[in-house]
Structures are given as structure tokens and as C-alpha cells.
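Chemist:
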Amino acid sequence: MNTPAELLSSARKIVIKLGSNTISNKEGKVDKEIMKHIVGQIMHLIDEGKRVVVVSSGAAVSGVGAINKWARKNDINYKQALCAIGQVELMNAYKEFFGEYGLHVGQILLTGEDFNEPHRELNIRNALFTLVDEGVVPIINENDSVSIDEFSIGDNDTLSALVANLWAADLLILMSDIDGVYDKDPHTYDDARLIELVEDVDGLRRSIDTKGKSDFGTGGIVTKINAAEIVNRYGTSMLLVNSRKEDILGKLERGEEKATVFSGSPARK
Ligand code: GLU
């Protein structure tokens with residue numbers, strides 16, 4: 698059970714992570730048409746009977762778009778303020794697009810600390826299960842306005858992996874802007890080969906160059922590989938897919954496109 702098509706058809710509980718670059722256009726602005734298209738694809742999975750939790754980045758970039766200033770401010774308080782503003786924009790868009798299908802969305806903002814304390818973890822799990830059981834789509838992000846320094850998770854690849862384990866998902870899908878992991882930087886080398894199946898994350902880490910300057914996404918390829926390791930450890934597989942391709946999830950389901958599968962071996966569950 699190691700092709701994207703097989704994983705998508707058998708998974709019942711799916712966490713889908715959308716990066717800032719996934720929902721933005723080439724100019725780096727949040728693009729509502731792109732968001733709408735991705736929500737349509739998620740709805741297709743929900744219509745097939747799957748349960749979906751969304752982890753979405755994009756608060757900072759939406760904040761810049763909304764207020765039209767502070768884009769170059771590096772002070773942490775401005776970044777926090779931008780995320781506070783942008784998170785509202787982000788949720789408004791999700792509310793509108795899922796609302797078109799008659800679904801409600803629920804926002805959950807988390808910090809690193811929330812995963813280190815059993816009582817908090819239990820509460821998050823309860824809220825998640827209740828939202829999904831009641832047909833609401835949870836939209837999760839890091840609580841960027843309070844989550845700094847030791848409280849911070851830092852990137853949403855890791856956050857989505859932690860959420861997948863907490864919710865006991867069967868599949869984590871990271872939407873990115875490349876087809877998957879390559880043996881070398883595809884922007885530099887014409888003969889770069891897409892690795893379609895990874896069964897040994899540590900081996901992969903040792904065998905590929907993760908330092909290339911390729912645009913592997915907000916968190917970079919390193920955080921994506923780390924995310925795979927976090928979920929694979931619990932026997933959950935991860936798919937790294939290219940959301941820039943139209944109807945990518947549908948095409949993967951039909952075996953018409955390729956992606957990288959990080960296989961979580963059930964034997965380790
Ligand atoms: N939480 C950040 C945001 O919403 C993004 C973190 C990430 O892209 O990994 O802007």
C-alpha cells in the first residue's frame with residue numbers, strides 16, 4: 698500500500714497542511730482563487746466519506762496583504778501583530794469557501810507547549826474529535842502572536858505532523874510547490890529524479906542534498922522530512938504533493954500524477 702492512489706483511497710482520517718506558498722500566487726500574495734480550488738479538492742475527499750483536518754499557514758502573508766505595511770519590519774512585535782491581523786483574513790476566506798458547501802469551520806491555534814502537557818493535549822484532542830464528528834472542518838495554525846522562543850513549534854510542517862499523531866490520522870498530506878523529494882535540486886539539475894517512495898527517512902536525509910537553494914516551501918525540505926519522521930514513527934504515512942498542479946489530489950487518486958510517499962510501516966504501529 699505505497700502509492701499515492703492506494704493511500705488516498707484507504708485513508709479515512711486525513712490531515713492536510715497548506716503552506717503559505719500553497720495558498721499564495723507567484724507575487725507572494727494570498728490568492729483566493731487558489732484557496733477556493735484547494736477547498737474544492739478537500740470537499741471532494743469529504744464527499745468520499747473521509748474526515749479532514751486542515752493545518753494552514755498564511756497568517757503573516759495575509760496580514761501584510763490586509764494592512765499593506767510592515768512587510769519588512771523584523772521586530773517580533775510587528776510579526777505578531779501581522780499574524781493577529783492575517784489570521785482573521787485567513788479564517789474569513791476558509792469560512793466563505795467551506796460555507797459554499799454548507800460546512801462550518803472551527804479555528805484552533807496551538808503552541809509548542811500545548812503538546813508538552815498531557816492535560817492540554819487531551820483538551821485539544823477532545824475539541825478536534827468533536828468538531829470533526831459534528832461535520833465541522835477544523836483549521837489549525839500556530840498561535841503566532843504568543844508562540845515565540847521556547848513556546849514555539851516554528852513551522853507548520855512539524856505542527857501538522859504533531860496534529861496527525863494527536864488525532865491518530867491515517868495520512869498526512871503536505872501540500873507544497875514541488876512534486877515531492879528529489880535526489881538533487883531539480884531547479885539546478887536537469888537529471889534530478891523524483892523519489893516516489895521513502896521507507897527510510899534517516900537514509901534519505903543522508904543521501905540527498907537538503908541545503909540547495911531550491912524553493913522547497915516555507916519550512917524547506919528539512920522540516921518536511923522531519924514531519925515524515927514524526928508521523929512514520931506512529932505508522933502513519935505522509936504524502937508530499939505539488940499543489941500548484943490543478944486538481945492534484947484527484948489526479949493522484951486516479952494515478953495520473955506522481956508525488957513522494959513517506960511510508961509509515963504498520964508493523965511499527
Ligand atoms: N504560522 C505561520 C503563518 O501562518 C507559518 C508557519 C509556516 O509556514 O510553517 O504565517
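Counting in my numbering, the sequence shown runs without a single skipped number right up to 966 at its last residue. Even for Gly, the Cβ is constructed at its ideal location relative to N, Cα and C. From a predicted model like this one, the values you see are computed outputs, not experimental measurements.
With respect to the beta strand (DSSP E) encompassing N838, which residues constitute its N-terminal and C-terminal limits?
Modeler: First-last of the beta strand (DSSP E) with N838: V834 to E839.
Chemist: State the DSSP-derived secondary structure class of N820, mapped to helix, strand or coil.
Modeler: Reduced to three states, the DSSP call for N820 is helix.
Chemist: Using CA coordinates, which residue listed in V898, E793, D876 and G917 is at the minimum distance from N939?
Modeler: Of the listed residues, the one whose Cα sits closest to N939 is D876.
Chemist: Give every residue of the same chain whose Cβ lies closer than 6 Å to the Cβ of K710, excluding the five residues on either side of it in the sequence, and list them in chain order.
Modeler: Within the same chain, K710 has close Cβ partners R748, A866 and D867.
Chemist: Secondary structure at L800, three-state DSSP: helix, strand or coil?
Modeler: Residue state, collapsed to three classes: coil.
Chemist: Which residues in the same chain have their Cβ closer than 8 Å to the Cβ of I764, if we skip the five residues on either side of it in sequence?
Modeler: For I764, where only same-chain residues beyond five positions count, the Cβ hits under 8 Å are L779 and I782.
Chemist: From A824 to I836, what does the alpha carbon distance come to, in whole angstroms?
Modeler: Using only the alpha carbons, I get a separation of about 12 Å.
Chemist: Who are the near neighbours of M788 in its chain, counting only those whose CB is closer than 6 Å to its CB and skipping five residues on each side?
Modeler: Same-chain partners within the cutoff: Q804.
Chemist: Roughly how many whole angstroms lie between the Cα atoms of I731 and I870?
Modeler: If I take the Cα positions, the gap works out to 17 Å.
Chemist: Compute every distance between the C-beta of A861 and the non-hydrogen atoms of the ligand GLU, then say whether any falls below 7 Å.
Modeler: Every heavy atom of the ligand GLU is 7 Å or more from the Cβ of A861, so no.
Chemist: In whole angstroms, give me the CA-to-CA distance for V958 and A702.
Modeler: In a straight line, the C-alpha of V958 is about 10 Å away from that of A702.
Chemist: For the segment 785-802 and the segment 748-759, state whether three or more C-beta atom pairs, one from each stretch, are separated by less than 8 Å.
Modeler: Yes, the segment 785-802 is in contact with the segment 748-759.
Chemist: Let me know the beta strand (DSSP E) ranges lying completely inside the segment 848-874, each 3 residues or longer, listed in chain order.
Modeler: DSSP runs (the beta strand (DSSP E)) wholly in the segment 848-874: 868-873.
Chemist: Flag this pair as yes or no: are the beta carbons of F812 and E818 separated by less than 8 Å?
Modeler: Against a cut-off of 8 Å, the Cβ pair of E818 and F812 comes out as a contact.
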